[in-house]
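S.K.:
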Amino acid sequence: MADKRVEIYVGASSLVTCLGNRPATLDAIYRAESGLQYSERYGMYVGECRVASLPGFTRFESFVLHTLRKFAGQSDLPLNSPDLQLILSTTKGNVELLAEGCQEIDKRAFLYGSAQRIAQEIGAVHAPIVISNACISGVSAFVVAQDILLSKAQKHVVIVGCDVLSEFITSGFASFRSISPQPCRPYDAERDGLTLGEACGALLLTTEPQYATRPMVRLEGGAITNDANHISGPSRTGDGLYYAISQAMQQANAVPDDVAFVNTHGTATRYNDEMESKALAWAELCSVPLNSLKGYIGHTLGASGVVETILCVEQLRRGVIAATKGYRSSDVPHKLCLSDKPQTISGECCVKSASGFGGCNAAIVLRLSDEESAKLNMPPKRECREVARYALPQSEKPFAEFIRAEFKQLGRSDMRFYKMSDLSKALYVAVERLLEQSPWEDVEPRRRAIVLANRASSLDTDAEHQRILDARLSEGASPAVFVYTLPNVAAGEMCIKHKIQGDNTFFVGDKCPAILEDYAQHLIGYDRADAVICGWCDYLGGEWNVEIEMLRCQK
Amino acid sequence: MEQLIQELKEHLIEELNLEEITPEDIDAEAPLFGDGLGLDSIDALEIILILEKYYGVKLANSAEAKPVFYSVKTLAEYVMQNRK
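Line by line, the protein sequences give chains X and Y. Start counting the first sequence at 1; every next residue gets the next number (our numbering). Start counting the second sequence at 1001; every next residue gets the next number (our numbering).
#1: So, are the CB atoms of residue 224(X) and residue 414(X) less than 8 Å apart?
#2: Quick check for students: name the residue ranges of the alpha helix (DSSP H) that lie wholly in the stretch 409-444 of chain X, counting only runs of 4 or more.
#3: Check the Cβ of residue 418(X) against every Cβ in chain Y and list those closer than 8 Å, keeping chain order.
#4: Skipping 5 residues on each side, what residues in its chain have a beta carbon closer than 7 Å to that of residue 108(X)?
#5: Along the beta strand (DSSP E) that carries residue 356(X), what are the first and last residues, could you check?
#6: Less than 8 Å separating the beta-carbons of residue 131(X) and residue 507(X)?
#7: I'd like to know if residue 1071(Y) contacts chain X, where contact means its C-beta is closer than 8 Å to some C-beta of that chain.
#8: Three-state secondary structure (DSSP) at residue 156(X)?
#9: How many Å lie between residue 191(X) and residue 255(X) at the Cα?
#10: Return the residues of the stretch 396-415 of chain X that lie within a Cβ-Cβ distance of less than 7 Å from chain Y, sorted by chain order.
#11: Any beta-carbon of chain X closer than 8 Å to the one on residue 1077(Y)?
#12: Is residue 157(X) near residue 148(X), with beta carbons less than 8 Å apart?
#13: Among 211(X), 14(X), 24(X), 70(X), which residue has its Cα nearest to the Cα of residue 81(X)?
#14: Check whether the stretch 402-410 of chain X and the stretch 354-367 of chain X are in contact - that is, three or more C-beta pairs closer than 8 Å.
#15: Beta carbons nearer than 7 Å to chain X: which residues of the stretch 1045-1060 of chain Y have them?
#16: Rounded to whole angstroms, what is the Cα-Cα separation between residue 431(X) and residue 339(X)?
#17: Report all residues from its chain with a CB closer than 8 Å to the CB of residue 13(X); omit the five preceding and five following residues, and keep chain order.
#18: Among residues of its own chain, excluding the 5 on either side of residue 378(X), which ones have a beta-carbon nearer than 6 Å to its beta-carbon?
#19: Pick helix, strand or coil for residue 520(X), following the three-state DSSP scheme.
#20: Whose C-beta lies closer than 7 Å to the C-beta of residue 483(X) among residues of the same chain, with five residues either side of it excluded?
#21: Looking at chain X, is there any beta carbon in it that lies within less than 8 Å of the beta carbon of residue 1038(Y)?
#22: In terms of residue numbering, what span does the beta strand (DSSP E) encompassing residue 37(X) cover?
#23: Is residue 429(X) close to chain Y? Criterion is C-beta to C-beta, closer than 8 Å.
#24: Name, going along the chain, the residues of the stretch 478-498 of chain X whose beta-carbon falls closer than 8 Å to a beta-carbon of chain Y.
#25: What residues are listed by DSSP as bridge partners for residue 330(X)?
#26: Grab me the residues of residue 68(X)'s own chain with a C-beta within less than 7 Å of its C-beta, minus the 5 sequence neighbours each way, in chain order.
#27: Short of 9 Å Cβ to Cβ, which residues in the stretch 227-248 of chain X face chain Y?
#28: Strictly under 8 Å for the Cβ-Cβ distance: is residue 176(X) near chain Y by that measure?
#29: Give the C-beta separation of residue 535(X) and residue 399(X) to the nearest angstrom, bearing in mind that I take them to be a contact with Cβ-Cβ under 8 Å.
#30: Let me know the alpha helix (DSSP H) ranges lying completely inside the stretch 248-302 of chain X, each 4 residues or longer, listed in chain order.
#31: CA-CA distance, residue 304(X) and residue 246(X)?
#32: Taking the alpha carbon of residue 335(X) as the reference point, which residue from 322(X), 298(X), 288(X) has its own alpha carbon closest?
#33: Could you pull out every residue in the same chain whose Cβ sits closer than 6 Å to the Cβ of residue 545(X), ignoring the five residues on either side in sequence?
#34: In angstroms with no decimal places, state the Cα-to-Cα distance between residue 307(X) and residue 475(X).
#35: Look at the Cβ atom of residue 259(X), then the Cβ atom of residue 10(X), and state whether they are nearer than 8 Å.
#36: Mind checking residue 220(X): buried by the 16 CB within 10 Å criterion, or exposed?
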């Protein structure tokens, strides 16, 4: 007999965007008012926030703490509850600290240290979980939270997503020529790139209905996939995003008619919006009302999935979705149900999606329903076992020399290897060796997953990108360097190389976090993958530590 | 022209991390993208930077200039016509 699934309810939330706090942001988006303004400092349109710095904390940390304090004022559940897990979603955290002369990396730039300071300040009982999965980080956090709650490891999860603007980020996106000279125009025929923003959002997911806010909204599905196609360019087919949406809808037992609206990533780059229209066509969601919120608050990176999901919950409750700011008429390959005016919606579900560098996609399904029970079942639990393990040896040689020799020994003529970041190179060799021990040709690409964690995130490449900026070369940043300033891009390289189209989540911790093994095992246990490469992959300043294992379903 | 082609090959090898490849390995008339050197869209952005850095030649984006990016020879011709 199938086990009944635990219900996951949306609880209290708070957020700050360039339009202000949650009520102010909601008012503005329904009036179609954008918060994007031209910034002399960055030389582009951005969505900037005013953040009062707290003594002893960085701007990023202060932003998170302000938002969590507002959250605490809204929530009946205290942040120091022993049943509460905190998840921080961020792509770059305190990376702006690298700018102040980066001979040595500022210790506060480590994402996990930052999360620990925040957790300590709010009195969190458990060690925080950090997810750094490029632009899908926020939506990823919901997928990971869902796993924690469904497996009954915890009763409540607070997801906080935050990223702040810095020249580090603006120059990198500029090097990709993906910044619009005007406020971004998602899906519009004249769209010509994205607009960056900064924001912070916090939201409670709980298994106890007394902490649910009303009218009740449940998280019923969530999935992460990879295009296995390109580390920076969106898929030309949209199949990766489609696969994430369809898995999430399947978990929620939702069909297209149940979907009231879709809130996509909608960054307003030519290729992203085109790709999304193809994914929505596959998912038969083209005739469902759709919007993108980027024209109001910009692309807020690791915060976007959290902040936009909070706004989705409110739009679902009101039965009206905001206009897509900047949109007039579209030229994407499939006609979508977009509007420059608010649209009335009918149906219970909202699909929220995101896609990012490293080829990753994530989608979740929220359902508005007064019934306390969704009557969803858990898939029958499957057992998994470790079938192989590989640790990259240590060496007296410098890393470049060492890894080159290791690569030569593999006997591959793969030009791509030489272009990769050192973190990616270390992972490349380890994964090749692991797959020698345990080949996985019998596993479909969509049933393969890679779940990793490390301590230094992508700080090694971050410092290199910063050095290029400090040298003030007239040509600006290097796109070939900037693309690796996200740790999950190393996993993305492996997804392309070994056709991994399933889950690809990247955690950051001071040591191997318990969630890594749990999450990887649950991918198999709850039938979301048949084989998972999981483990630790850390590289910084010539020192490496890579140890990975292969998990398989026990037949 | 020959010297410029040689120079461009060296810049490409250096800036695009084409280890294991020597200038002689690159056929100046063969397509740069696709199978040959395994270059992709990020490399295209880097090539725009190379043209700017070494020759002061500006290109708005790689899509506009597809024919220019066809081979090392077409790159060299473009530089000859537009260098300052």
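Using N, Cα and C, we set each Cβ at its ideal position, and we do this for glycine too.
M.R.: Quick answer:
#1: Reading the first sequence from its first residue, position 224 is the one you call residue 224(X). Reading the first sequence from its first residue, position 414 is the one you call residue 414(X). In this structure, residue 414(X) does not lie closer than 8 Å to residue 224(X) by Cβ.
#2: 422-437
#3: The sequence position of residue 418(X) within the first sequence is 418, counting from 1. Result: 1017, 1018, 1019, 1020.
#4: As a first step, residue 108(X) is located in the first sequence; it is residue number 108 there, counting from the start. Here the set comprises 58, 94, 97, 114.
#5: In the first sequence, counting from the first residue as 1, residue 356(X) sits at position 356. Segment 349-356, the beta strand (DSSP E) holding residue 356(X).
#6: Here the question's residue 131(X) lines up with position 131 in the first sequence. Here the question's residue 507(X) lines up with position 507 in the first sequence. Yes, the Cβ-Cβ distance between residue 131(X) and residue 507(X) is below 8 Å.
#7: Residue numbering aside, residue 1071(Y) sits at position 71 when the second sequence is read from its first letter. Output row for residue 1071(Y): interface = no.
#8: The residue given as residue 156(X) occupies position 156 in the first sequence. Three-state result, residue 156(X): strand.
#9: In the first sequence, counting from the first residue as 1, residue 191(X) sits at position 191. In the first sequence, counting from the first residue as 1, residue 255(X) sits at position 255. Answer to the nearest angstrom: the Cα atoms are 31 Å apart.
#10: 415
#11: As a working note, residue 1077(Y) is residue 77 in the second sequence. Output row for residue 1077(Y): interface = no.
#12: Counting from one through the first sequence, the residue named residue 157(X) turns up at place 157. Counting from one through the first sequence, the residue named residue 148(X) turns up at place 148. It is a contact, given that the beta carbons lie within the stated cut-off.
#13: Here residue 81(X) corresponds to residue number 81 of the first sequence, with the count starting at 1. Nearest C-alpha to residue 81(X): 211(X).
#14: no
#15: 1045, 1046, 1049, 1052, 1053
#16: Position 431 of the first sequence, counted from the first residue, corresponds to residue 431(X). Position 339 of the first sequence, counted from the first residue, corresponds to residue 339(X). Residue 431(X) and residue 339(X): Cα-Cα distance of roughly 46 Å.
#17: For the purposes of this step, residue 13(X) is taken as the residue at position 13 of the first sequence. 22, 71, 74, 201, 202, 203, 204, 213, 310, 313.
#18: Within the first sequence, numbered from 1, the residue matching residue 378(X) stands at position 378. 3, 5.
#19: Mapped onto the first sequence, residue 520(X) falls at position 520. Here residue 520(X) sits in helix by DSSP.
#20: Locating residue 483(X) in the first sequence gives position 483, counting from the first residue. Only 231, 232, 357, 489 meet the Cβ criterion.
#21: Here residue 1038(Y) corresponds to residue number 38 of the second sequence, with the count starting at 1. Yes, contact with chain X.
#22: Start at 1 with the first residue of the first sequence, and residue 37(X) comes out as number 37. Per DSSP, residue 37(X) belongs to the beta strand (DSSP E) from 37-39.
#23: As a position in the first sequence, residue 429(X) is number 429, starting the count at 1. No, because no Cβ of chain Y sits closer than 8 Å to the Cβ of residue 429(X).
#24: 478, 479, 480, 483
#25: Along the first sequence, one-based indexing puts residue 330(X) at 330. Answer by DSSP bridge pairing, in chain order: 188(X).
#26: Here the question's residue 68(X) lines up with position 68 in the first sequence. Here the set comprises 79, 122, 160, 202.
#27: 230, 231, 232, 233
#28: Locating residue 176(X) in the first sequence gives position 176, counting from the first residue. Yes - at least one Cβ of chain Y is within 8 Å of the one on residue 176(X).
#29: For this step, residue 535(X) is matched to residue 535 along the first sequence. For this step, residue 399(X) is matched to residue 399 along the first sequence. In fact, because the Cβ distance is near 19 Å, the residues do not count as touching under 8 Å.
#30: 270-282, 294-297
#31: For the purposes of this step, residue 304(X) is taken as residue 304 along the first sequence, with counting starting at 1. For the purposes of this step, residue 246(X) is taken as residue 246 along the first sequence, with counting starting at 1. The straight-line gap from Cα to Cα measures roughly 21 Å.
#32: Start at 1 with the first residue of the first sequence, and residue 335(X) comes out as number 335. For residue 335(X), the nearest C-alpha among the options comes from 288(X).
#33: On the first sequence, residue 545(X) is found 545 positions in, with the first residue counted as 1. 538, listed in sequence order.
#34: Sequence index remark: in the first sequence, residue 307(X) carries index 307 (1-based). Sequence index remark: in the first sequence, residue 475(X) carries index 475 (1-based). Taking the straight line from one Cα to the other gives about 34 Å.
#35: Taking the first residue of the first sequence as 1, we reach residue 259(X) at position 259. Taking the first residue of the first sequence as 1, we reach residue 10(X) at position 10. No; because the gap between Cβ atoms is not below 8 Å, this pair is not in contact.
#36: Looking up residue 220(X) in the first sequence gives position 220. Buried is the call here.
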